[in-house]
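S.K.: Residue numbering for the sequence shown follows numbering that gives the first Met the number 0, starting at 0 and increasing by one per position.
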Amino acid sequence: MKRILDIGQCNYDHSSITQFLKSNWDVEVDRAYGWSDAERFMADVQYDLILVNRLLDQDHTEGQQIIESLKADEKYQSIPVMMVSNYADAQEKAVQAGAVPGFGKSTLNSPETKSNVEAALNN
0 MKRILDIGQC NYDHSSITQF LKSNWDVEVD RAYGWSDAER FMADVQYDLI LVNRLLDQDH
60 TEGQQIIESL KADEKYQSIP VMMVSNYADA QEKAVQAGAV PGFGKSTLNS PETKSNVEAA
120 LNN
């Protein structure tokens, strides 16, 4: 079973993303509300994929900052990270920072999103 950490989603989006992931792969999805939650989870679990919302729901931290922190830390550099955003410019910045191509909530069930998640999980 693969493990996924979902950072910064609102209740509705976390539920939708989790349902999408579990209906397509044998995964367990953990939810972190912010960076401190994420660090606690990552201290105990080796994740296969990390999803980061463009703007964290609870504290409005920029997801880009979290991606940059993850990719700057040797402990997490090898874990695929995806930006969750409908904005192409946010996706591009995330990829430039070391993320793999992510997806927007509006394209959650698209073939491209399934392909991107599949590739990340098989990294």
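Think of the CB as a built atom: it goes at the ideal place given N, C-alpha and C, for glycine as much as any other residue.
None of these values were measured; they are calculated from a predicted model.
Based on DSSP bridge pairs, tell me the residues matched to I3.
M.R.: Answer is V28, L48, bridged to I3.
S.K.: Mapping DSSP to helix, strand and coil, what is E61?
M.R.: If DSSP states are grouped into helix, strand and coil, E61 belongs with the strands.
S.K.: Flag this pair as touching only if the region 73 to 82 and the region 46 to 64 have three or more C-beta atom pairs under 8 Å; answer yes or no.
M.R.: Cβ pair count under 8 Å is three or more, so yes.
S.K.: Using C-beta distances below 6 Å, list every residue in its chain close to D29, excluding the 5 sequence neighbours before and after it, in chain order.
M.R.: Only L4, F40 meet the Cβ criterion.
S.K.: In whole angstroms, give me the CA-to-CA distance for S15 and E73.
M.R.: Their backbone Cα atoms lie some 31 Å apart in a straight line.
S.K.: Give every residue of the same chain whose Cβ lies closer than 8 Å to the Cβ of E27, excluding the five residues on either side of it in the sequence, and list them in chain order.
M.R.: Same-chain partners within the cutoff: M0, K1, R2, I3.
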